[in-house]
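Just so you know, this note's numbering puts 747 at position 158 of the sequence shown, and the rest follows in order with no gaps.
One structure is given below, encoded as structure tokens.
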Amino acid sequence: MMSMSHSTKERSTIELWLHAINQSRVISMSYADAKGNYSCREVEPRNLLLEGSKWYGEAYCLKQNADRVFLLSRINDITMLDRHFQVRTKVQHNNATPNKHLHLRFTKNEGVKQRVVEQFEHISIGDEHIDVYAPLYDHSYAISVVLSYGSNVEIIAPVEIRRALLEELKKMSTIYFKGENK
Numbered sequence: 590m591m592s593m594s595h596s597t598k599e600r601s602t603i604e605l606w607l608h609a610i611n612q613s614r615v616i617s618m619s620y621a622d623a624k625g626n627y628s629c630r631e632v633e634p635r636n637l638l639l640e641g642s643k644w645y646g647e648a649y650c651l652k653q654n655a656d657r658v659f660l661l662s663r664i665n666d667i668t669m670l671d672r673h674f675q676v677r678t679k680v681q682h683n684n685a686t687p688n689k690h691l692h693l694r695f696t697k698n699e700g701v702k703q704r705v706v707e708q709f710e711h712i713s714i715g716d717e718h719i720d721v722y723a724p725l726y727d728h729s730y731a732i733s734v735v736l737s738y739g740s741n742v743e744i745i746a747p748v749e750i751r752r753a754l755l756e757e758l759k760k761m762s763t764i765y766f767k768g769e770n771k
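Right, here's the structure in full:
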């Protein structure tokens, strides 16, 4: 299930995460947000998820007292502590990120089609476009995926990801237009 394309560090993180789940032990880690800022976290790991080629860990974050989903490639200095925990009942919120789904619409050409089929699971191929439905765990990752497809993709839902992409594009255009005026 784990491909050779995953780094040794990420494989070690996955293995430790699984051991901590099986033993109900708290994990201490350093986690980078989307901007690369690290913070120390202690979490009670609950689940391990693979979406496309990215591994995510579901956990209860003791720092934020809330359920969170962590992109495992952003974890450093991970340690399984001697502290055990009782598995908590997962609280479902209407706005909880893992419960949302991303709906993307791709232009239908062979290069895009091949990449989409390799990257996503839930695909609907129509006459003119390809629709993809994927769980949304991380907003910045979703935006980076969309940007990697350029003008070959449109975010259909959720609206807040469309808006976040527009904000990112505005920031990018400001940088590049400044460069043109030099």
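From the three backbone atoms N, C-alpha and C, an ideal C-beta is built for every residue, glycine too.
Since the model is a prediction, treat every value here as computed from it, not as a measurement.
Inset, instruction - Could you check how far apart the C-beta atoms of F659 and Y627 are, in whole angstroms? I think they sit under 8 Å. - result: As a first step, residue 659 is located in the sequence shown; it is residue number 70 there, counting from the start. As a first step, residue 627 is located in the sequence shown; it is residue number 38 there, counting from the start. F659 to Y627, Cβ: 12 Å. No contact.
Inset, instruction - Report the option in H692, K689, L693, V676 whose CA atom is closest to the CA atom of N611. - result: Taking the first residue of the sequence shown as 1, we reach residue 611 at position 22. Comparing Cα-Cα distances from N611 to each of H692, K689, L693, V676, the minimum goes to V676.
Inset, instruction - Output the distance between the C-alpha atoms of E710 and A723, rounded to the nearest integer angstrom. - result: Taking the first residue of the sequence shown as position 1, residue 710 is located at position 121. Taking the first residue of the sequence shown as position 1, residue 723 is located at position 134. E710 and A723: Cα-Cα distance of roughly 8 Å.
Inset, instruction - Kindly indicate which residue of R614, S740, E599 has the alpha-carbon position closest to the one of K643. - result: Position 54 of the sequence shown holds residue 643. When only C-alpha atoms are compared, the closest one is E599.
Legend entry - In DSSP terms, what E640 is bridged to: Position 51 of the sequence shown, counting from 1, holds the residue named residue 640. Beta-bridge annotation (DSSP): E640 is paired with K643.
Legend entry - Close Cβ partners of L736 (< 8 Å) along its chain, the five nearest in sequence each way excluded: Looking up residue 736 in the sequence shown gives position 147. Within the same chain, L736 has close Cβ partners L754, E757.
Legend entry - Residues near L651 by beta carbon distance below 8 Å, same chain, minus five either side: Within the sequence shown, residue 651 is the residue found at index 62, counting from 1. Counting only Cβ-Cβ distances below 8 Å, and skipping sequence neighbours, we find V615, R630, E631, V632, E633.
Legend entry - C-alpha distance - S729 paired with D716, whole-angstrom precision: Against the sequence shown, residue 729 aligns to sequence position 140. Against the sequence shown, residue 716 aligns to sequence position 127. For S729 and D716, the distance between alpha carbons rounds to 30 Å.
Inset, instruction - For the beta strand (DSSP E) holding E743, just list the boundary residues, first then last. - result: Mapped onto the sequence shown, residue 743 falls at position 154. Here the beta strand (DSSP E) through E743 covers 742-746.
Inset, instruction - Count the other C-beta atoms from every protein chain shown that fall within 10 angstroms of the C-beta of E707, then say buried if there are 16 or more, exposed otherwise. - result: Here the question's residue 707 lines up with position 118 in the sequence shown. That one is exposed.
Legend entry - Coarse secondary structure for T696, derived from DSSP in three states: Reading the sequence shown from its first residue, position 107 is the one you call residue 696. Judged by DSSP in its simplified three-state form, T696 adopts strand.
Inset, instruction - Please report the Cβ distance between D666 and M618, rounded to the nearest whole angstrom; I am assuming they are in contact, meaning their Cβ atoms lie under 8 Å. - result: The sequence position of residue 666 within the sequence shown is 77, counting from 1. The sequence position of residue 618 within the sequence shown is 29, counting from 1. Yes, D666 and M618 are in contact; Cβ-Cβ is about 6 Å, under 8 Å.
Inset, instruction - Determine the direct distance from the alpha carbon of F695 to that of E743, and round the result to whole angstroms. - result: In the sequence shown, the residue the question calls residue 743 occupies position 154. In the sequence shown, the residue the question calls residue 695 occupies position 106. Answer to the nearest angstrom: the Cα atoms are 6 Å apart.
Legend entry - Alpha-carbon to alpha-carbon, N636 and H692: Position 103 of the sequence shown, counted from the start, is the residue given in the question as residue 692. Position 47 of the sequence shown, counted from the start, is the residue given in the question as residue 636. Distance between the alpha carbons of H692 and N636: 24 Å.
Legend entry - Any non-hydrogen atom of the ligand FAD within 7 Å of L605 CB: With respect to the ligand FAD, the structure shown offers nothing to examine, as it has no ligands at all.
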